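First up is the structure itself, then whatever we jot down about it.
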Amino acid sequence: MQKNLLKLVVNPDAAQTDPMLKRLTGEFLGTFGLVFCGTGAIVINQESGGTVTHLGIAITFGLIVLAMILSFGHISGAHINPAVTIALSLAGRFKRENILPYIFAQLSGACLASFFLKYLFPANIFLGATIPTGSDTQSLILEFILTFLLMLVILTSTQKKDHSLVGPALAIGGTVGLEALFAGPICGASMNPARSISPALVGGHFQSLWVYILGPVAGAISAVFAFTLMHERLEKV
């Protein structure tokens, strides 16, 4: 990973010839866009006295996920989520040796987005951080279920390799927006460790962060087993 980043700094044209560097750049930019727009909507909503609204925040998250899949899906797969990367590896759709580079790129893009938001809105304390309004257990269960359902949609919508990103982008972006709409007020509806880690690191608010790492990762992994079980049974019918 360090060699790839050094190559890009020394020779920006390297991205044109190095397939892995292209993929990492796609994950970096995709996760940057997700966090900048998604958590940015939360920050701007707070700074503007609620102009964006909760509905607007949920729509923003759904639309930015849709846009990033359409923009980078053909390059990196547009995981833009460490939990998704881990789960896709377990599902046999992603090489395990690329897990850490992908996660590093995702976290780097997410943190850069939070740094930009901190610079633009220095008075904002939380920067869109995910903090439970109820108990940690309540949010942990919600994050597990939300990510479980999201991962099932990802696995199902990308099962057929027809080279069209429109269907998966609509399904995945729509699911993110839907889940953010109804669960956001309670747990933040993160479903993505990178989305939660970056504002926590930059803003310095680490309370309950473990919920937003364990919940999404466990939910995504569980979805792989459920999808595999259903797929095997369907083949035998």
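Under the numbering used here, the first residue of the sequence shown is numbered -5, with each subsequent residue one higher. Yeah, the Cβ is synthetic: ideal placement off N, Cα and C, and Gly gets one too. None of these values were measured; they are calculated from a predicted model.
For this session: Kindly list the residues whose CB is nearer than 7 Å to the CB of Ala194, restricted to its own chain and excluding five residues on each side of it in sequence; keep chain order.
Result: Your numbering for residue 194 matches position 200 in the sequence shown. Ala123, Phe200 and Leu203.
Exercise. How big is the Cα-Cα spacing for Ile97 and Ala212?
Worked result: On the sequence shown, residue 97 is found 103 positions in, with the first residue counted as 1. On the sequence shown, residue 212 is found 218 positions in, with the first residue counted as 1. Straight-line Cα distance between these residues: approximately 16 Å.
Problem set entry | 4-residue-minimum alpha helix (DSSP H) runs that sit fully inside the region 154 to 225, ordered along the chain | 160 to 181 and 187 to 197
Problem set entry | Three-state class that DSSP yields for Asp12 in the structure shown | Looking up residue 12 in the sequence shown gives position 18. In the structure shown, Asp12 sits in coil (DSSP, three-state: anything other than H, G, I, E or B).
Exercise. Per DSSP, what kind of secondary structure is Thr150 in: helix, strand or coil?
Worked result: In the sequence shown, counting from the first residue as 1, residue 150 sits at position 156. Here Thr150 sits in helix by DSSP.
Exercise. With a CB to CB cut of under 7 Å and the five nearest residues on each side skipped, what residues in its chain are close to Glu41?
Worked result: Here residue 41 corresponds to residue number 47 of the sequence shown, with the count starting at 1. Hits under 7 Å: Phe115 and Asn118.
Exercise. When the Cα atoms are used, what is the spatial distance from Pro95 to Phe22?
Worked result: On the sequence shown, residue 95 is found 101 positions in, with the first residue counted as 1. On the sequence shown, residue 22 is found 28 positions in, with the first residue counted as 1. Taking the straight line joining both Cα atoms gives about 10 Å.
Exercise. Taking the Cβ atom as the reference point for each residue, do Phe55 and Ala107 lie within a distance shorter than 8 Å?
Worked result: Here residue 55 is taken as the residue at index 61 of the sequence shown, counted from 1. Here residue 107 is taken as the residue at index 113 of the sequence shown, counted from 1. The Cβ atoms of Phe55 and Ala107 do not sit closer than 8 Å to each other.
Exercise. When DSSP labels each residue in this structure, what does Arg90 get in the three-state scheme?
Worked result: By one-based count along the sequence shown, residue 90 stands at place 96. It is helical.
Exercise. In whole angstroms, what is the alpha-carbon distance linking Ser192 and Val29?
Worked result: Within the sequence shown, the letter at position 198 stands for residue 192. Within the sequence shown, the letter at position 35 stands for residue 29. Approximately 8 Å, taken between the alpha carbons.
For this session: Take Leu144 and list the residues in its own chain whose beta-carbon comes closer than 6 Å to its own, dropping the five residues that flank it on each side.
Result: The residue given as residue 144 occupies position 150 in the sequence shown. Excluding residues within five positions, the ones whose Cβ falls inside 6 Å are Thr169 and Met185.
Exercise. Using CA coordinates, which residue listed in Phe176, Leu60, Gly128 and Val78 is at the minimum distance from Leu146?
Worked result: For the purposes of this step, residue 146 is taken as residue 152 along the sequence shown, with counting starting at 1. Checking every option, the nearest Cα to that of Leu146 belongs to Val78.
For this session: Output yes if chain D places a C-beta closer than 8 Å to the C-beta of Gly197; else output no.
Result: Reference to chain D is not applicable here, since this structure consists of a single protein chain.
For this session: Could you tell me if Glu91 is buried or exposed, where buried requires 16 or more neighbouring beta carbons within 10 angstroms of its beta carbon?
Result: Numbered from 1 along the sequence shown, position 97 holds the residue referred to as residue 91. Glu91 is exposed by the Cβ-count criterion.
Problem set entry | Anticipated Cβ contact below 8 Å, Val312 with Phe109, distance rounded | Past the edges of the chain, shown from -5 to 231, lies residue 312, and the structure says nothing about it.
Exercise. Is Leu249 helix, strand or coil when you go by DSSP?
Worked result: Shown here, the chain extends from -5 to 231; a query on residue 249 therefore has no answer.
Problem set entry | Range covered by the alpha helix (DSSP H) that runs through Pro76 | Translated into the one-based positions of the sequence shown, residue 76 becomes position 82. That run of the alpha helix (DSSP H) goes Pro76 to Leu84.
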